[in-house]
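For the record, the sequence lines run as chains A and B.
Using my numbering, you'd call the opening residue of the first sequence number 1 and step up by one each time.
Using my numbering, you'd call the opening residue of the second sequence number 1 and step up by one each time.
The beta carbon of each residue, even a glycine, is placed where N, CA and C say it ideally should be.
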Amino acid sequence: MPIAPGCVRLSMGPHPLRRAAQAVAAATMAGEPLMAFVWKRLLGTIPSLVGVVVLTFFISRALPGDPAAFFAGPAANAASIASIRATLGLDRPLPVQFVSYIVDLAQGNLGRSLTTGQPVLTDLLERLPASLELSSFALLFAIGIAIPMGVWAATRINGGVDHACRALVTVGAAFPTFFVGLLFVYLFYFLLGWAPQPLGRLDEIAFSPPPRVTGAYTIDAVIAGDWPVLRAALAQLILPAISLGLFALAPIARITRAAMLEALSSDFIRTARASGLPVRKILMAYAFRNVLLPVSSVLGMVFSFLLGSNVLIEQVFGWQGVGAYAVAAVIASDYAAVQGFVLMMALLYVLLNLLVDVFATLVDPRVRFEG
Amino acid sequence: MAQLQIDDLSVEFRTRHGVVRALDGVSLSVSRGEIVGVVGESGSGKSVTAYTVMGLNDAAARITKGAITMGGIDLLAARPEAMRELRGREMAMIFQSPRTALNPIRKVGKQIEDVLQEHAALPRRDLKAAAIAALARVRIPDAERRAEAYPFELSGGMCQRVMIAMALACTPSVLIADEPTTGLDVTTQAVIMDLIREMSRATQMSTLLITHDLGLAGEYCDRIAVMHAGHIVEIAPTEELLERPAHPYTRRLLAATPVPDSRLDDLNAIPGHLPDLRGALPPCRFSGRCELRQPICDEAELPWTELSPQHLVRCRFPLS
């Protein structure tokens, strides 16, 4: 059956959202199940978090480099380094250090960064919004292109969009993000001059950051109603977000296309066609809704990849996020900062997966409240 | 004129490995309120016939010859959009494995509402009640609650009832049932078939029952067409076909069909396979498997032999 390209709706419209809201309402009305499911999943993550805590502690200690020497500076002698080591508590045996780390952690104290001199938690919370903002825009860009493309490609196998999809997937998967980032800087900043200097989140000579509410400049600028700052923040954001997004695009487009193809060839689509439902309804309400499940699980995975790739892209674009912070911390053997970063990433990862699972229970009645 | 009329229909599939001539000169008619069975082994062209009528054939299929009319409408000349509007409203289809034939993540009541919304001129607020009424019509107990169920929460037989409710929601004049009881247990099979028969009679609906089970067709159909390798080889009123099968293939099929007292030894498999439908084919596509084959079978054009006005057989040497 020919499927007109114009019939592929790019957005889902309010309808599925409303239904999702109803599903949430239904689940909460049904009482415990959804919350019980969430609690069970959260409890289930404790062993992996414990593993993360133990591993990062010992691995960061195994890194080459001596924080005391780094902290003491180039003019230090052995005695001053030793005294700094003693004040930092690094002269104690590892198990003792580990216990005191755990005790601190239990009180919500991630320690103090040697490089910034601030509590690690403060540092991370200050920088996290920048990274989340970058990753979210990258993901939005990737979703906005990959999902319509995957759907369209599946409805016209071997058509133009399908070939474009395949090419983009190959490029996105083959080129490392930092390379794409550098290429973009060279092209759009150096050669063409379309993009602003790739030096951070805002041109701070011309603009001052909006009053902090969420920490994401774009959102804060909207809240403050400061449109020039919003424009400037978006201008800074666009290149790193696209470089990151290109990398995320490949898996999303591939899964969307494959899942859509599978859905379109399934028995219930044949039934829908035999019932004379309109093409748009078959594509969106029948095929695409069945595709949401595999796509959402890939989205969760891709988002955590993105948080990881931030480390590189933030370096390239001078982005003051947690990725750049982590790189600096590793170079300086700043144990507390490295541990804090890894732990935070692990937590984000856990929460993200939980979110995906909760979404799955809303989309697919069959997975509701199982295990 | 019959409600559904298929005349001299030929369909071929263009595949990577050559052109498959799936249907060759198939003619068949179904009157109002009549149930006609199409029987044959897998690959004989039963389902292709059904899908061609519905306009749901694969893109690789090409209709090379023939005509299909339904209630006087030329289906082969109809535009895709017109065909879509006919599907679900004037002609409906039910399938085998009803559990996978329903959308797994949509409530069954909602799926029926989708069909009604498209084809019945009902205000939106009445859709739900109409869907529940459709479920109740196929005697689903507690229809109001079942409408809120997802397919995975229902048994296979219940899902097939839902499928029937969905197919009949707009009281179509033609129903095609493609192996509707395959995969259901025997008692459920009888219940589902009884339901289909009752619905056909009640609404004067023309029903095409596609099955590989001659016994099932014998029990529920008014007439039976036997298909082999894209040909209809014999067509007759049920009783006559079962008692006086004239085509060697029909006789073979009957010998391979279990009856209550038969033992495994009594059943005879049909020797050979369906011929390869690519390339050159003999006029009689059964000749390669036929014990009574004569040299002339592979030479001259194959005639229809009329044993009685209702009983036609496509064999030069019909059995009697």
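- In terms of Cβ geometry, Pro180 of chain B and Met91 of chain B do not form a close pair [threshold 8 Å].
- Taking the Cα positions, Leu105 of chain A is about 21 Å away from Arg85 of chain A.
- As the crow flies, the alpha-carbon of Tyr325 of chain A is around 40 Å from that of Asp162 of chain A.
- In the three-state DSSP reduction, Thr171 of chain B falls in the coil class, being neither helix nor strand.
- For the stretch 272 to 283 of chain A, residues whose beta-carbon sits nearer than 9 Å to a beta-carbon of chain B comprise Ala272, Arg273, Ala274, Ser275, Gly276, Leu277, Pro278, Val279 and Lys281.
- Interface with chain A (8 Å Cβ-Cβ cutoff): Val48 of chain B is excluded.
- DSSP places Ser29 of chain B inside the beta strand (DSSP E), whose first and last residues are Gly18 to Val30.
- Taken in chain order, the complete beta strand (DSSP E) segments of 3 or more residues contained in the stretch 219 to 303 of chain B are 223 to 228 and 231 to 237.
- If you check the CB distance, Val20 of chain B and Thr52 of chain B do not come in under 8 Å.
- Of the other Cβ atoms in all chains shown, fewer than 16 fall within 10 Å of the Cβ of Trp39 of chain A; this residue is therefore exposed.
- Spatial neighbours of Leu199 of chain A in its own chain (CB-CB distance under 6 Å, excluding positions within 5 residues in sequence) are listed in chain order as Gly318.
- Going by C-alpha positions, Glu299 of chain B is about 20 Å away from Leu319 of chain B.
- Taking a C-beta cut-off of 7 Å against chain B, the contacting residues of the stretch 282 to 308 of chain A are Tyr286, Arg289 and Asn290, listed in chain order.
- Annotation: Cβ neighbours of Pro365 of chain A in chain B (cutoff 7 Å, chain order): Ile105 and Tyr150.
- The way I'd put it, the stretch 329 to 342 of chain A does touch the stretch 98 to 114 of chain A; three or more beta-carbon pairs between them come closer than 8 Å.
- Contact between the stretch 214 to 231 of chain B and the stretch 22 to 38 of chain B is present, with at least three C-beta pairs closer than 8 Å.
- Given a length threshold of 4 residues, each whole run of the alpha helix (DSSP H) inside the stretch 115 to 169 of chain A is given here in chain order: 120 to 155.
- In this structure, DSSP gives Asp178 of chain B an extended state, which the three-state scheme calls strand.
- Non-local beta-carbon contacts of Lys65 of chain B in its own chain, meaning distances under 8 Å to residues more than five positions away in sequence, involve Asp8, Leu9, Ser10 and Gly25 in chain order.
- Residues of the stretch 242 to 272 of chain A that bring their beta carbon within less than 8 Å of a beta carbon in chain B comprise Ser266, Asp267, Phe268, Arg270, Thr271 and Ala272, in sequence order.
- Note that the C-beta distance between Ile210 of chain B and Ser47 of chain B is below 8 Å.
- Contact annotation: Tyr186 of chain A and Glu133 of chain A have beta-carbon atoms that are not nearer than 8 Å.
- At least one C-beta of chain A is nearer than 8 Å to the C-beta of Ala101 of chain B.
- When only Cα atoms are considered, Ala147 of chain B and Arg99 of chain B end up about 15 Å apart.
- The residues Met91, Ala92, Met93, Ile94, Ala167, Leu168, Ile196, Met199, Ser200, Met205, Ser206, Thr207 and Leu208, in chain order, have a CB closer than 8 Å to that of Leu175 of chain B in the same chain once the five nearest residues on each side in sequence are set aside.
- In the displayed model, Leu116 of chain B falls within a helix according to three-state DSSP.
- Apart from sequence neighbours up to five positions away, the residues of its chain that approach Gly88 of chain B with a beta-carbon distance below 7 Å are Val115, Glu118, His119 and Cys170, ordered along the chain.
- Within the same chain, Ile81, Ala82, Ile84, Arg85, Leu88 and Leu90 come within 8 Å of Ala68 of chain A by CB-CB distance, once the 5 residues on both sides are set aside.
- Taking C-beta atoms as the reference points, Phe288 of chain A and Val151 of chain A count as a pair closer than 8 Å.
- Distance between Leu246 of chain A and Val363 of chain A, taken at the CA atoms: about 27 Å.
- Listed along chain A are Ser275, Gly276, Leu277, Pro278 and Lys281, each with a C-beta nearer than 8 Å to that of Glu118 of chain B.
- Remark: C-beta atoms of Leu121 of chain A and Ala332 of chain A do not approach each other more closely than 8 Å.
- Contact annotation, Glu234 of chain B with His247 of chain B: C-beta distance approximately 4 Å; criterion of less than 8 Å satisfied.
- Interface residue (Cβ-Cβ distance to chain A less than 8 Å): Leu86 of chain B is classified as such.
- At a Cβ-Cβ threshold of 8 Å, Asp267 of chain A and Ser155 of chain B do not count as neighbours.
- In terms of Cα proximity to Val213 of chain A, the closest of A:Gly73, A:Asn353, A:Phe359 and A:Glu126 is A:Glu126.
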